[in-house]
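**Q** Line by line, the protein sequences give chains A and B.
For the first sequence, counting from 1, position 48 maps to 49 in the numbering used here; every step adds exactly one.
For the second sequence, counting from 1, position 131 maps to 135 in the numbering used here; every step adds exactly one.
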Amino acid sequence: MTSLPQDMAGPKLGLVIDLDTCVGCHACAVSCKEWNSGGHSAPLTDQDPYGADATGVWFNRIHSYEVDDGAQGRTVNFPRSCLHCEKPACVTVCPTGASYKRVEDGIVLVNEDTCIGCKLCSWACPYGAREYDFDAGVMKKCTLCIDRIYNQNLDKADRVPACVSTCPSHARHFGDFNDPDSEVSKLVAERGGYDLMPEMAMAPTNKYLPPRKPKIPVTVPAAIAAGGGGKPGSGDGGPKPAPGGFLDLVDRLFSR
Amino acid sequence: MNPAYSVIFFTTFSGLGYGLLVWLGVAAATGVIGAERGFGFTAFALAFGAVTTGLLASTYHLGHPERAWRALSQWRSSWLSREGVLAIATYVPTGMFAAAWVLAGRNHGVWAAIGVIGAVLAFGTIITTGMIYASLATIRQWRHGLVVPNYLALGLMTGGIWIAALASLFGIYRASLLLIAIVMIVLAWGLKLAYWFSIDRGSSASTPETATGLGGAEGKVRLLESPHTQENYVMAEMGYKIARKHARKLRRWVQVLAFALPLALILATGFMVVPSWSALPMLTAAILATAGVFLERWLFFAEARHVVTLFYGAERV
């Protein structure tokens, strides 16, 4: 049924993604592709995989953004996957009931045996979480590794989504958001975890942790701030190791 | 949004067919057209032909057309499902109405009442078609109060021009039919202009900053590296873009084909010395209007900007 379940009493499973520690290595995307090529949504097909115009279904996509927030411009790596929303429009628009939200844990799934491949759910999703499988003729999406997290054949430590278990910088966390003592709930509370596109009112379960503020304030060297130089090799007043300058910052960073 | 021809064909022809069924019901109930069998056969053949080919065309958009029947099950939540249910339900009263008109030569009394029920269902079906698009919060140009009125006006316009054209082909000349066609063209033209005016000036609450949650109060977020070198499904389906100057040109063509030329041709029939001469310009007007609505529907998709493109470098939607 594509009407949303009204009596959600169980855990609310989802991910916390730490934009501070993500290094943009794409390991989560690759590990996800590997696991899910043999898992619940298998196969995750590719078209022309070795050709010039390769395309295919991936559940994780890792963007990198340049963020200009005043004096502290920075690069932020940004993994994007299904947010398992509490009010997922991708579920309610589905005409067949193939798209559904599990009442027991809130995971949003597609029943590939009843999906007609109309693609309307992908139009309804603001987050680009759903990718159409052109070979299978059905929509596919992140399953939160439903075939890992309840898998009795795996060690308990491995019963987390593939992206979480593989992340080398510990930027992805899995857990129950309904449990205030869970790791994910604590991280959200401590670090100010937030929703993507809150104006879409989908109430995403997954939360993102913002990059931390630099502990040492970044200051712009006076010569650059004044616009008086800084051209490499021009010798006309580039950064000098003045207090508060760039080299001073490097010095302080490595003296810690 | 990527303009898929199957969906454009579907909405154009189902709008025409259901619009025609609305006017057939109205014409019988008001006694404007009697149960003339040749006209009835042609008009119902066109209406059911357009509706059925439209529905079949929509299944070409599906990965599994053989499962299309499942789409009738989720009418509680899904506008697409409601559209399917109403589209099929409309066949019942309109089929009875058509059979009485064509086979028994009756379209008054209880048959006219059944025709009106069919007209109401056909009207409702066009609304649900528009709501499939108007219910998507992700696309500002679709989640718009004028989308459903536009779908209704264009469906009733093409249906209205076709009923007047077919009537003149069978020697049925009614000023009221011409008036319906003219009023619907003016109404649909006005609504389309109002829609374009509005979407050109509106703005989305979603930005690269709300999408990523980065940038703070006044910071800007810019895509530095895309996740992949090749275009993926999301980019191809949702990221279709049309240059503004091309959109401007196509909007002019829509206005010429769908509104201006049909209106001029219909007005010109008022000056025909011999009434039977009006059939040719009327049919030309109907064909041009249908082609114009096809182009309009293509633009409706091409000009729609999906919020997911904000993740892929779009600065605004």
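Idealized CB from N, CA, C, for every residue including glycine.
None of the values given here were measured: they were computed from a predicted structure.
Quick one: list the residues of chain B neighbouring A/Gly-15, beta-carbon separation under 7 Å, in chain order.
**A** Chain B residues near A/Gly-15: none, gap ~16 Å exceeds 7 Å.
**Q** Are B/Arg-144 and B/Ser-208 close, meaning C-beta to C-beta below 7 Å?
**A** For B/Arg-144 and B/Ser-208, yes; Cβs fall inside 7 Å.
**Q** Determine the direct distance from the alpha carbon of B/Pro-69 to that of B/Ser-81, and round the result to whole angstroms.
**A** One C-alpha to the other measures close to 21 Å.
**Q** Which residue marks the beginning of the alpha helix (DSSP H) containing B/Val-89, and which one marks its end?
**A** Where B/Val-89 is concerned, the enclosing alpha helix (DSSP H) stretches over 83–107.
**Q** Could you check which residue in B/Leu-28, B/Ile-165, B/Ser-172 and B/Tyr-199 has the C-alpha nearest to that of B/Ala-185?
**A** It is B/Ile-165.
**Q** Where B/Val-106 and A/Pro-96 are concerned, what is the direct C-alpha to C-alpha distance, given to the nearest angstrom?
**A** Each residue's Cα considered, the two are about 35 Å apart.
**Q** From B/Glu-307 to A/Ala-130, what distance separates their C-alpha atoms?
**A** Distance between the alpha carbons of B/Glu-307 and A/Ala-130 is about 22 Å.
**Q** Helix, strand or coil: which one does DSSP assign to B/Lys-253?
**A** If DSSP states are grouped into helix, strand and coil, B/Lys-253 belongs with the helices.
**Q** Tell me which residue opens and which closes the beta strand (DSSP E) that B/Ser-77 is part of.
**A** That residue, B/Ser-77, is in no beta strand (DSSP E); it is neither H nor E in DSSP.
**Q** Assess contact between the segment 178–197 of chain A and the segment 9–20 of chain A, defined as three or more Cβ pairs (one per stretch) separated by less than 8 Å. Is contact present?
**A** As far as the Cβ criterion goes, the segment 178–197 of chain A touches the segment 9–20 of chain A, which means the pair count is three or higher.
**Q** A/Gly-236 to A/Asp-249, Cα distance in whole Å?
**A** Its pLDDT being 43, under 50, A/Gly-236 is placed unreliably by the model, and the measurement read from it follows with that caveat. For A/Gly-236 and A/Asp-249, the distance between alpha carbons rounds to 19 Å.
**Q** Please list the partners that A/Thr-3 has in chain B, where partner means a Cβ-to-Cβ separation under 9 Å.
**A** By Cβ distance, chain B contributes Ser-77, Gln-78, Arg-80, Ser-81, Ser-82 and Ser-85.
**Q** With H, G and I counted as helix, E and B as strand and the rest as coil, what does DSSP make of A/Gly-193?
**A** In the structure shown, A/Gly-193 sits in coil (DSSP, three-state: anything other than H, G, I, E or B).
**Q** Does any residue of chain A have a CB that is nearer than 7 Å to the CB of B/Gln-234?
**A** Closer than 7 Å: yes.
**Q** Just the Cα atoms here: how many angstroms apart are B/His-148 and B/Ser-180?
**A** Cα to Cα, B/His-148 sits roughly 32 Å from B/Ser-180.
**Q** Keeping to the same chain, check which residues put their C-beta closer than 8 Å to that of B/Val-89; ignore five residues upstream and five downstream.
**A** So the list reads Leu-76 and Trp-79, once near-sequence residues are dropped.
**Q** At 4 residues or longer, what runs of the alpha helix (DSSP H) sit wholly inside the segment 140–186 of chain A?
**A** 147–150 and 163–167, all fully within the segment 140–186 of chain A.
**Q** Hey, how far is the Cα of B/Val-55 from the Cα of A/Ala-190?
**A** Distance between the alpha carbons of B/Val-55 and A/Ala-190 is about 55 Å.
**Q** Going along chain B, which residues have a C-beta under 7 Å from A/Ala-125?
**A** By Cβ distance, chain B contributes Leu-140 and Thr-142.
**Q** Sorted by chain position, which residues of the same chain lie with C-beta nearer than 6 Å to B/Val-311's C-beta, five sequence neighbours on each side aside?
**A** Closer than 6 Å at Cβ, skipping near neighbours: Thr-142, Ser-210 and Val-321.
**Q** What residues match up with A/Leu-210 in a beta bridge as DSSP calls it?
**A** DSSP output for A/Leu-210 lists A/Asp-19 as bridge partner(s).
**Q** Along the chain, where does the alpha helix (DSSP H) that runs through B/Phe-17 open and close?
**A** Run containing B/Phe-17: 9–33, per the alpha helix (DSSP H) assignment.
**Q** Verify whether the separation of the beta carbon atoms of B/Gly-24 and B/Ala-51 is less than 7 Å.
**A** Here the sequence assigns Leu to residue 24 of chain B, which means Gly is not the residue at that position. Yes; because the gap between Cβ atoms is below 7 Å, this pair is in contact.
**Q** Less than 7 Å between the C-beta atoms of A/Val-185 and A/Arg-173, yes or no?
**A** No, Cβ-Cβ distance for A/Val-185 and A/Arg-173 is not below 7 Å.
**Q** State the start and end residues of the unbroken alpha helix (DSSP H) segment that holds B/Arg-147.
**A** Looking at the DSSP string, B/Arg-147 is not in any alpha helix (DSSP H), and its letter there is neither H nor E.
**Q** Buried or exposed, going by whether 16 or more other CB atoms sit within 10 Å of the CB of B/Ser-12?
**A** The amino acid at residue 12 of chain B is misidentified as Ser; the sequence shows Ile. Buried, because 16 or more other Cβ atoms sit within 10 Å of the Cβ of B/Ile-12.
**Q** Starting from B/Thr-273, trace the alpha helix (DSSP H) in both directions and tell me its first and last residue.
**A** Run containing B/Thr-273: 265–273, per the alpha helix (DSSP H) assignment.
**Q** Which residues does DSSP list as the beta-bridge partners of A/His-64?
**A** Paired residues: A/Phe-79.
**Q** Taking 7 Å as the threshold (beta carbon to beta carbon), is B/Pro-231 in contact with chain A?
**A** Judged by the 7 Å Cβ criterion, B/Pro-231 is in contact with chain A.
**Q** Residues of the segment 35–68 of chain A in Cβ contact with chain B at a cutoff of 7 Å, in chain order, please.
**A** The residues in question are Asp-54, Ala-55, Thr-56, Arg-62, Ile-63, His-64, Ser-65, Tyr-66, Glu-67 and Val-68.
**Q** Three-state secondary structure (DSSP) at A/Ser-235?
**A** With a pLDDT of only 42 at A/Ser-235, under 50, the local geometry of the prediction cannot be trusted, and no value is derived from it.
**Q** What residues of chain B sit near A/Phe-79, judged by a beta carbon separation below 7 Å?
**A** By Cβ distance, chain B contributes Thr-216.
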